[in-house]
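Notes for the one structure printed next.
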Amino acid sequence: MDTEEVEPDAGRKRGYGTISGAMAIEDPEPTSCMPMLRAWPKSTFLIIVNEFCERFSYYGMRSVLTLYLINILKYSANTATILYHSFNVLCYGSPMIGSIIADGYIGKFWTIFFISIFYACGQIALAVASTFGPTSSLHPWLDLLGLFVIGMGTGGIKPCVSAFGGDQFKQHYLLMISIYFSVFYFTINAGSTISSFISPIMRSQPCLGHDSCYPLSFGIPAILMIVAVGIFMLGSPLYKKVPPKENTIFRVLAAIRRSLGNKLRGKKKRDHWLDHYFDTHDCETDPHCREAKGKCVQVRFIDDVKQLVRISVIMLPLPFFWTLYDQQGSRWVIQAVAMDSRISDGFSLLPDQMSTLNALLIMIFIPIFQGLIYPGVERMGIRCTPLRKMVAGVFLAAVSFVICGFVQIAVNRTLPDIPGSSQAFVSVVNAYPSGTCDFEVNLPDFSSQVVPANSSLIDNELEKTKQLYRLHVGSGMTANFQFARAASSSNCTIDPFTVAATLKGGKSYMVTLLPGGRSLIREASWDKPQEGQGQFALGVNMAVPCARFEQLNGTSCSASSFNGSFALCRYDKECDPQKHDWYYAWKSSDDKAVKRLDVQNGSPAFALDYLDIKPGTYKLYLVNYLKDYSGDHTPRKSEIQTLSLDVYVQVNRMGGVYTLTVTDQDDLEGSPLIATLHTIVPENHMNILWQVPQYFVITAAEILFSITGLEFAYSQSSPSLKAVVTAMWLFTQALGDAVIIVIDELDLFQNLAVEFFVYSGILFVVVVVLLLLSIFYYEYKEVMVETDGGSVKVALENSGYVDDEGTTKL
906 MDTEEVEPDA
916 GRKRGYGTIS
926 GAMAIEDPEP
936 TSCMPMLRAW
946 PKSTFLIIVN
956 EFCERFSYYG
966 MRSVLTLYLI
976 NILKYSANTA
986 TILYHSFNVL
996 CYGSPMIGSI
1006 IADGYIGKFW
1016 TIFFISIFYA
1026 CGQIALAVAS
1036 TFGPTSSLHP
1046 WLDLLGLFVI
1056 GMGTGGIKPC
1066 VSAFGGDQFK
1076 QHYLLMISIY
1086 FSVFYFTINA
1096 GSTISSFISP
1106 IMRSQPCLGH
1116 DSCYPLSFGI
1126 PAILMIVAVG
1136 IFMLGSPLYK
1146 KVPPKENTIF
1156 RVLAAIRRSL
1166 GNKLRGKKKR
1176 DHWLDHYFDT
1186 HDCETDPHCR
1196 EAKGKCVQVR
1206 FIDDVKQLVR
1216 ISVIMLPLPF
1226 FWTLYDQQGS
1236 RWVIQAVAMD
1246 SRISDGFSLL
1256 PDQMSTLNAL
1266 LIMIFIPIFQ
1276 GLIYPGVERM
1286 GIRCTPLRKM
1296 VAGVFLAAVS
1306 FVICGFVQIA
1316 VNRTLPDIPG
1326 SSQAFVSVVN
1336 AYPSGTCDFE
1346 VNLPDFSSQV
1356 VPANSSLIDN
1366 ELEKTKQLYR
1376 LHVGSGMTAN
1386 FQFARAASSS
1396 NCTIDPFTVA
1406 ATLKGGKSYM
1416 VTLLPGGRSL
1426 IREASWDKPQ
1436 EGQGQFALGV
1446 NMAVPCARFE
1456 QLNGTSCSAS
1466 SFNGSFALCR
1476 YDKECDPQKH
1486 DWYYAWKSSD
1496 DKAVKRLDVQ
1506 NGSPAFALDY
1516 LDIKPGTYKL
1526 YLVNYLKDYS
1536 GDHTPRKSEI
1546 QTLSLDVYVQ
1556 VNRMGGVYTL
1566 TVTDQDDLEG
1576 SPLIATLHTI
1586 VPENHMNILW
1596 QVPQYFVITA
1606 AEILFSITGL
1616 EFAYSQSSPS
1626 LKAVVTAMWL
1636 FTQALGDAVI
1646 IVIDELDLFQ
1656 NLAVEFFVYS
1666 GILFVVVVVL
1676 LLLSIFYYEY
1686 KEVMVETDGG
1696 SVKVALENSG
1706 YVDDEGTTKL
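So the sequence shown is residues 906 to 1715, counted in this note's numbering.
Structure, rendered in structure tokens:
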């Protein structure tokens, strides 16, 4: 055949047309319950159970991943966000690889089996890595290797599992296939709902000597993934295994490359640039046309590619929806950590449990939207076309981030300022008992301030106070704070004195005034607890003579550092190290060390680093460990000695940072102890339930966009290109996460609220772009379904489709 004579319509002129949807089908699809149940492929139940286990495994691991990156691998919030979304890019970028392997080489069944084993190995690697302490040399390399394998595994099977289930049905059983996909989607959300709720609870339990149990949160998903592989293989004799054919993705790319090459080299005009494919096409040498025996099948294929291109253009702005949606697992969790998670006195929601609300609402919303909202809108005369639903979904996602931004503004009111690299922040703590000595503080270039007894300088936006000293120190400087008794303390006998504080950039400090004219300076922590367990942070200044502790620990006052240990125990419980919710210890050998401080005009003091503690009332003890414990081993109650210091600490709110100063009246042995508790950073004041509206709106957006979009992409593509379109749809999510990574790497925002508003603004622009594409570019097309009797033209079940000659936009 002369290639110059091939017309794009040649296939249709030769009879490669379609048969009307009214054509009789030899094996009609059952439409009632019992016949449908009898005809239902039983093997699909194993596929659904396998999907439940796999989704439980994936979401159980992912729900705690952000906090694991922050608290165990010690990444900053920004770096943890980048790593979390890099993992998502891998999960949604690798489906293309799975599709190529399944369609072109070993088929869906063996692809699912082999990649699932690979996937399970990644889960095992992550679970093993989490059993080691934060200082282990295995971190972060084994963790990142595990995440890489998991990302490749879950992405590799993603385009295969649902399609493999669809392969078990006869192609013209459209209703049954639709029901199967609804059950399949419900199963995904059931698995994610249960695991997203349970996994944070497992994470919050102490184990292996740690306050958190990530090995349990990662280990259970690993076991579930192994179970998933076993369940899937049980159905091997029952499955309908479609053999692999030519890889469609490569065929599409080859057709596009040839069309573009012919267009650039040739002078002939065509109605569509893809029609230039036929400039060099010869049916006599083309293997596909030769197999069809007289039909130019490439005409039909090029028409399918044209439709693929139209769908691709619609998909161009869609990644930005995922840019916002996927931040539920990163930025929204970080926001929740800075909120008050108490629902009642006896019940709290963990920050990483909030994502459970999304999965739960999906299962509630699906029947509401299908049974009430869509029919109601139709009765109002507004057609619910797929693209209209998607535009509405993108709009709602933007609205959810507006809500999130306003919530963050309120959260920011209790977040501390962090000094810049050339700044130092200084607070003054007056540890004198109430009613004794109030002090006036003077520092050159600053207004004088009065610090009453038993109080401290604090920044608290809730109370509109901004009292911290903010000094520009460059690489370092010494600041001389001058103290004199205030006019309100006429009975105070302390003479004026000066405290010289050596300050470095990027640090925060506390100058603590002790009874008897003594003072000490220590580096302070402005960091709120990040573990997401509803804790507050407490540091202790132990400014008492060293000799008080010799009776228990045998320490020497001349030692350069104190080698003993302190612990807080519940005031109404016994001190038992194995009761992790009752016992919080500072040990010289761990990262919460007891350190020596020099005291001006007094004996040395000991600084106990900041420790994250759950709200309650505690008593301070000196502890002597009867054995030398190292690693993660936790001693039993019988293996410690305790000495009560009769000092009590009561904090009932979460998220605050406090300093407890324990001293005595005159720095003399036998004088009574004085304990004062001072707030450094205010507690979390916004309840976590304020996140519910943004989850409500983003879930409605997901129903409108995600479910409809997948249906739109799948139904508007030809049967031969459905795998390609499905992989493209998943790839839009990978691109969305890549956008987050780029923005975070650029470090454009210092205020999280501003970042949320910028994201919402970008998505409002996407709404306009998608709306214009829907109106002026895209036209709905009919779908061809192959049956034993030929090709059947089927209209989509939405009012955006007009049969035969008519087309409908938007």
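We put the beta carbon where it would ideally sit given N, CA and C, even for glycine.
Keep in mind the model is a prediction, meaning the values are calculated, not measured.
* Counting Cβ pairs closer than 8 Å, one from the segment 1162-1173 and one from the segment 991-1008, do we hit at least three? -> These segments do not touch.
* Give a yes or no on whether the C-beta atoms belonging to G1641 and F1225 are separated by under 8 Å. => For the 8 Å CB-CB criterion, G1641 and F1225 form a contact.
* From P1624, I1645 and R1195, pick the residue whose C-alpha is nearest to that of V1210; which is it? -> Residue P1624 is the option with its Cα nearest to V1210.
* Straight-line CA distance for D1322 to A1658? -> Answer to the nearest angstrom: the Cα atoms are 15 Å apart.
* To do: Can you check DSSP and say which residues form a bridge with I1579?
  => In the DSSP assignment, the residues bridged to I1579 are T1568.
* To do: Tell me whether N1589 sits in a helix, a strand or coil according to DSSP, three-state version.
  => DSSP places N1589 in coil when its eight states are reduced to three.
* To do: Kindly identify the DSSP beta-bridge partner or partners of E1428.
  => DSSP lists Y1414 as the beta-bridge partner residues of E1428.
* To do: Using a threshold of 8 Å, state whether the C-beta atoms of V1296 and S991 are closer than that.
  => The Cβ atoms of V1296 and S991 do not sit closer than 8 Å to each other.
* How many angstroms separate the CA atom of A1448 from the CA atom of P1509? -> Taking the straight line joining both Cα atoms gives about 7 Å.
* **Nonlocal neighbours in the same chain, by C-beta distance under 7 Å from V1066, ignoring five residues either side** => Answer for V1066: I952, E956 and I1017, listed in chain order.
* To do: Provide the residue span of the beta strand (DSSP E) that contains Q1555, from first to last.
  => Counting along the chain, the beta strand (DSSP E) containing Q1555 begins and ends at I1545 to V1556.
* Which of helix, strand or coil DSSP assigns to W945 -> Coil, per DSSP.
* Can you give the Cα-Cα distance for S1611 and N993, rounded to whole angstroms? -> Taking the straight line joining both Cα atoms gives about 16 Å.
* Where does the unbroken beta strand (DSSP E) through M1447 begin, and where does it stop? -> Bounds of the beta strand (DSSP E) holding M1447 are F1441 to A1448.
* **Residue environment, Y1600, which counts as buried when at least 16 other CB atoms sit within 10 Å** => Y1600 should be labelled buried.
* Assign V1242 to one of two classes, buried (16 or more other C-beta atoms within 10 Å of its C-beta) or exposed (fewer than that). => V1242 should be labelled buried.
* Asked: Among W1431, H1583 and A1406, which residue has its Cα nearest to the Cα of S1424?
  -> The shortest CA-to-CA distance from S1424 to any of W1431, H1583 and A1406 is the one to A1406.
* 8 Å Cβ cutoff met for V1672 and A1303 -> Cβ distance < 8 Å, so V1672 and A1303 count as in contact.
* **Identity of the residues DSSP links to N1347 by a beta bridge** => Per the DSSP secondary-structure output, N1347 pairs in a beta bridge with Q1387.
* Do the segment 1471-1488 and the segment 1270-1288 make contact, defined as three or more Cβ pairs closer than 8 Å? -> Touching, no.
* To do: With a floor of 4 residues, list each alpha helix (DSSP H) that falls wholly inside the segment 1239-1295, ordered by position along the chain.
  => Within the segment 1239-1295, the complete alpha helix (DSSP H) runs of at least 4 residues are 1260-1273 and 1279-1284.
* To do: Output the boundary residues of the alpha helix (DSSP H) element that contains F1610.
  => Element bounds for F1610: n/a, residue is neither H nor E.
* Asked: Expressed to the nearest angstrom, what Euclidean distance is found between the alpha-carbon atoms of F1351 and K1409?
  -> Cα-Cα distance, rounded: 19 Å.
* **Short Cβ contact (8 Å threshold) for N1446 with T1417** => Yes. Within cutoff.
* Got a sec, what are the start and stop residues for the alpha helix (DSSP H) H990 sits in? -> Residues A982 to G998.
* W1237 classed as buried or exposed, judged by whether at least 16 other C-beta atoms fall within 10 angstroms -> W1237 comes out buried.
* Asked: Buried or exposed: where does P1577 fall if 16 or more other Cβ atoms within 10 Å of its Cβ makes it buried?
  -> P1577 comes out exposed.
* Asked: In whole angstroms, what separates the C-alpha of A1389 from that of D1400?
  -> Approximately 7 Å between the Cα atoms of the pair.
* Asked: Applying the criterion that 16 or more other CB atoms from any shown protein chain within 10 Å of the CB defines a buried residue, is V1299 buried or exposed?
  -> By the neighbour-count definition (other C-beta atoms within 10 Å, threshold 16), V1299 is a buried residue.
* Would you report the Cα separation of N1365 and V1586, rounded to the nearest angstrom? -> Approximately 8 Å between the Cα atoms of the pair.
* To do: Could you check what DSSP says for D1514 in three-state terms: helix, strand or coil?
  => Strand.
* To do: Could I get the ranges of all uninterrupted beta strand (DSSP E) runs contained in the segment 1159-1199, with 3 residues as the minimum, in chain order?
  => None, since the segment 1159-1199 contains no complete beta strand (DSSP E) of that length.
* Y1078 in three-state terms, based on DSSP -> Coil at Y1078, not helix or strand.
* Do the CB positions of R1108 and V969 come within less than 8 Å of each other? -> Yes, they are a contact pair.
* Asked: Just curious, the alpha helix (DSSP H) that N1359 is in, first and last residue?
  -> Element bounds for N1359: n/a, residue is neither H nor E.
* Asked: Which value, in whole angstroms, describes the spacing of the CA atoms of N1506 and F1402?
  -> Going from the Cα of N1506 to the Cα of F1402 covers about 11 Å.
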